[in-house]
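Student:
Residue numbers (my numbering): 412 to 1188.
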């Protein structure tokens, strides 16, 4: 044994029962590259009840009670209730709460409790003796653990399997930074290409895969839908073949926690390794895609895609297995490599690690904003000597909270419009007005001089726990941006922006409509105050505003003068706002208005069937230092449910409108090409099937009608369809001629008429279909 100090990163925190006692297991990676395991028996499973309920709790089975110096958020003393094993807590908690004895923090995971109580996040310093165990790496028993600062680069293995139509394994592709390989099921008489490693049976293929995984020893397993498909199939086949399926660093089988409905994603637990699904990583990073299929994302991100695609891919894979195994192997290999390429290009593993270092959650849980808030705030709350309520079972609903304030748009076409927005408005509001779960004054709690929000909620003036957390995060994000560390900057932004949302969701133990409405109420006050200042003090017209942004007409004809005006206004508004907040609420402003964009031209849309302006719908020519860039918000060009035809027409019309070029010839030519059948590839609609086809009973949307016409109807997924003279049909299985009138009326007309109206043009006249109405028709 040796006794040293090591830096490590915790990949997974769990516990096991050994000799009737719970033992915390922290698996991770050391700075040296070795895997490690920390085992600790010192943590006792516990939660709290109020001191006044101690005897009632004892009578209901809470026999092990210890004095505590903590108290509830409303300042009531508590006692600590201990149990022998973590899995004894739920039944005891439920029994107590059913009898009217509230429990506090009785739903916190045991291993998370261990980390929270020690002030640990994911980077740790480990001090103590260690020994090396095969597979697991360096093992520490009850070492000293300290918070540390270190960002690892994890080793990643991308996994992709191919099966036949019966679900039996044909091949398994493995891709790492060092290269890729394919393990192929090759029964006697089949042969195999030299690019694959053969196994004579499916059982031996599975065993070979597990052995190869142990040899490569990655920190992270990934893939595209890797939990619900690849690992689920591997586990199912191993069970059918009666083969132990252990692919971790420690003993223990793969455990799947599959989620098919509602919020959340399926998880796979492999002892000592992380499983990170590529699709979940994208969604968790708020990277929006119209189509999350591997082929579509790979084309978008890497400029290349799968070697096979289409609805008959399953039959083609089986054919290749029998007739062209070299091509099957290459197809399988490319799929695994594409996933690795996407994650590397988008830095999604790095982002998960950065978010883990910030929150303390393992990388496979960082997308859970409530869990992240919990981990951070519970740690600070414990240091301050308080405990929080347990979360009610099944709580998922959003609380009644007023949203961000939206100003009515003034529709029209404008030159040189400034867009101002507040830097992280809601986090800045929290910091400025001390909005904090612990600082919220509850019934019976008096305060001589509280900060009172527009909704009537009152807060202590002393620095709150949540404002202090944000005080730490703001400069860290600024430093990351200055250093060009986009990953760290994005991770901090996601975390800060989540704080408002979790306080408005009942699944968060700290949620309270007084908190969330205080945030939005102050946000509304600030937006309206700035609007008044710009109109009354600067004499400018505010054309539109939404939550944290204001669109201001400059009335200037020169872009340089407009930008100079914007920079001057930022300084003046920030100074005036700080003075207003100090005079009205006696607080120091942490709010920063900034110049976000200058539109050389901006079109605020009218309602399609009304006279007012349309919210969140506009197009503009943004100043990019050159000729300007056309951008859209809320219009067809950025909507998933519009065809490529609508998007191309809208982009083309606004490019011409904003650059003072004629729009009529372009539109007439496009309609003529459409009717001539030259734009058929742009006529596909895409919409997700979110439930089984037979569940659509009240109505039949077009994508459902098309899906029911598939030769092999699908249950879920993105449905690509077109509209024909016989109605909606699958794009890949169209039987009838296109209904071009539909596309003219439903896709081209809606995007063209707002632009044509600016020039006083008629849609029918421009496309050459104006009809003369007479007395007789």
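Just so you know, even glycine gets a beta-carbon here, dropped at the ideal spot from N, CA and C.
Does the distance from the CB of residue 668 to the CB of residue 680 come in under 8 Å?
Tutor: Cβ distance < 8 Å, so residue 668 and residue 680 count as in contact.
Student: Roughly how many angstroms lie between the CA atoms of residue 768 and residue 888, to the nearest whole one?
Tutor: Taking the straight line from one Cα to the other gives about 14 Å.
Student: What is the rounded straight-line gap between the Cα of residue 1169 and the Cα of residue 842?
Tutor: Cα to Cα, residue 1169 sits roughly 44 Å from residue 842.
Student: Would you list, in sequence order, the uninterrupted alpha helix (DSSP H) runs of no fewer than 4 residues that lie entirely inside the segment 570-647?
Tutor: Counting only runs of 4 or more, we get 613-627.
Student: For residue 862, which residues does DSSP report across the bridge?
Tutor: DSSP lists 870 as partners of residue 862.
Student: Could you please give the first and the last residue of the uninterrupted beta strand (DSSP E) stretch that includes residue 1014?
Tutor: Counting along the chain, the beta strand (DSSP E) containing residue 1014 begins and ends at 1004-1017.
Student: Would you list, in sequence order, the uninterrupted beta strand (DSSP E) runs of no fewer than 3 residues that lie entirely inside the segment 495-571?
Tutor: The qualifying runs are 534-544, 548-552, 555-558.
Student: May I ask which residues mark the beginning and end of the alpha helix (DSSP H) holding residue 844?
Tutor: Counting along the chain, the alpha helix (DSSP H) containing residue 844 begins and ends at 836-844.
Student: Can you look up residue 779 in the DSSP assignment and give me helix, strand or coil?
Tutor: DSSP places residue 779 in coil when its eight states are reduced to three.
Student: Please go through the same chain and pick out, in chain order, the residues whose beta-carbon is closer than 6 Å to the beta-carbon of residue 765, but skip the five residues on each side of it.
Tutor: Excluding positions up to five away in sequence, the list reads 898, 899, 902.
Student: Suppose contacts are defined by Cβ-Cβ distances below 8 Å. Is residue 586 in contact with residue 569 by that definition?
Tutor: It is a contact, given that the beta carbons lie within the stated cut-off.
Student: Since residue 1043 is in the beta strand (DSSP E), which residue starts that stretch and which ends it?
Tutor: Its beta strand (DSSP E) spans residues 1040-1044.
Student: So, helix, strand or coil for residue 792, using DSSP?
Tutor: It is helical.
Student: Would you kindly work out how many angstroms separate the C-alpha atoms of residue 420 and residue 583, rounded to a whole number?
Tutor: Residue 420 and residue 583: Cα-Cα distance of roughly 29 Å.
Student: Comparing alpha-carbon positions, which option in 933, 973, 1014, 1015 lies nearest residue 995?
Tutor: Looking at the Cα atoms, 933 is the closest of the given residues.
Student: Sort out for me which residues DSSP pairs residue 1133 with in a bridge.
Tutor: Note: residue 1133 sits in a beta bridge opposite 1140.
Student: Within 10 Å of its beta-carbon, does residue 734 have 16 or more other beta-carbons around it, so buried, or fewer, so exposed?
Tutor: Under this definition residue 734 is an exposed residue.
Student: Applying the 10 Å Cβ sphere with the 16-neighbour rule, what's the burial state of residue 1132?
Tutor: The residue is buried, with at least 16 neighbouring Cβ atoms inside 10 Å.
Student: Jot down the residue ranges of each uninterrupted alpha helix (DSSP H) in the segment 462-496, minimum 4 residues, whole runs only, in chain order.
Tutor: For the segment 462-496, whole alpha helix (DSSP H) runs of length 4 or above, ordered along the chain, are 465-470.
Student: Go ahead and label residue 498 buried or exposed: buried means 16 or more other beta carbons lie within 10 angstroms of its beta carbon, across all protein chains shown.
Tutor: That one is exposed.
Student: Going by the beta-carbon positions, is the gap between residue 789 and residue 782 smaller than 8 Å?
Tutor: No.
Student: Check each candidate in 822, 633, 637, 572 and name the one with the smallest Cα separation from residue 613.
Tutor: Among 822, 633, 637, 572, the Cα nearest to that of residue 613 is on 572.
Student: Taking the runs of the alpha helix (DSSP H) that are 4 residues or longer, which of them lie wholly in the segment 1052-1082?
Tutor: Fully enclosed alpha helix (DSSP H) runs of 4 or longer: 1055-1069.
Student: Once DSSP output is grouped into helix, strand and coil, what is the label at residue 1029?
Tutor: Three-state result, residue 1029: strand.
Student: Using a Cβ-Cβ cut-off of 8 Å (strictly less than) and excluding sequence neighbours within five positions of residue 1060, which residues of its own chain qualify?
Tutor: Excluding residues within five positions, the ones whose Cβ falls inside 8 Å are 1078, 1081, 1158, 1159, 1162, 1163.
Student: What separation, rounded to the nearest whole angstrom, lies between the Cα atoms of residue 980 and residue 1003?
Tutor: So the two alpha carbons sit approximately 12 Å from each other.
Student: May I have the straight-line CA-CA distance separating residue 875 from residue 445, to the nearest angstrom?
Tutor: Taking the straight line joining both Cα atoms gives about 40 Å.
Student: Looking at the structure shown, is residue 1086 part of a helix, part of a strand, or coil, going by DSSP?
Tutor: Residue 1086 falls in the helix class under three-state DSSP.
Student: Can you list, in chain order, the residues of its chain whose CB lies under 6 Å from that of residue 714, leaving out five sequence neighbours each side?
Tutor: Result list for residue 714: empty, nothing under 6 Å.
Student: Rounded to whole angstroms, what's the CA-CA distance from residue 423 to residue 682? Just pull it up for me.
Tutor: Answer to the nearest angstrom: the Cα atoms are 8 Å apart.
Student: Please report the Cβ distance between residue 1031 and residue 1012, rounded to the nearest whole angstrom; I am assuming they are in contact, meaning their Cβ atoms lie under 8 Å.
Tutor: Residue 1031 to residue 1012, Cβ: 6 Å. Contact.
Student: Inspect the beta-carbon positions of residue 635 and residue 750 and report whether they are closer than 8 Å.
Tutor: Cβ distance < 8 Å, so residue 635 and residue 750 count as in contact.
Student: Roughly how many whole angstroms lie between the Cα atoms of residue 553 and residue 500?
Tutor: Using only the alpha carbons, I get a separation of about 24 Å.
Student: Output the boundary residues of the beta strand (DSSP E) element that contains residue 829.
Tutor: Residues 823-833.
Student: Checking the sheet assignment: what are the DSSP bridge partners for residue 458?
Tutor: For residue 458, which the question treats as bridged, DSSP gives the partners 492.
Student: Taking residue 879 as the reference, give the member of 505, 555, 839 with the closest Cα.
Tutor: Answer by Cα proximity: 839.
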